[in-house]
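Just below is one structure, and these are the notes that go with it.
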């Protein structure tokens, strides 16, 4: 699970379910309600592309 930060206003932006061998079984990105702060950089390349696309459509 990835979030926009660690405080009480943080939002979940990605959920991944993996098996015991760490193979992804399910992965989804979630559009946050608020803008993602600069100090919370995306952790994966696909998430970076997705978040840039979302922010461009605001």
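Numbering (my numbering), first residue to last: 52 to 109.
Positions of the beta carbon are idealized from the N, C-alpha and C atoms, including for glycine.
Small disclaimer: the values here were computed from a predicted structure and weren't measured.
For residue 62, no beta strand (DSSP E) segment is defined, and its DSSP state is neither H nor E. In this model, residue 82 and residue 76 are separated by some 20 angstroms (Cα to Cα). Among the bridge pairs identified by DSSP, residue 76 is matched with none.
The alpha-carbon of residue 86 is positioned some 15 angstroms away from that of residue 80.
Rounded to the nearest angstrom, the gap between the Cα atoms of residue 53 and residue 66 is 7 angstroms.
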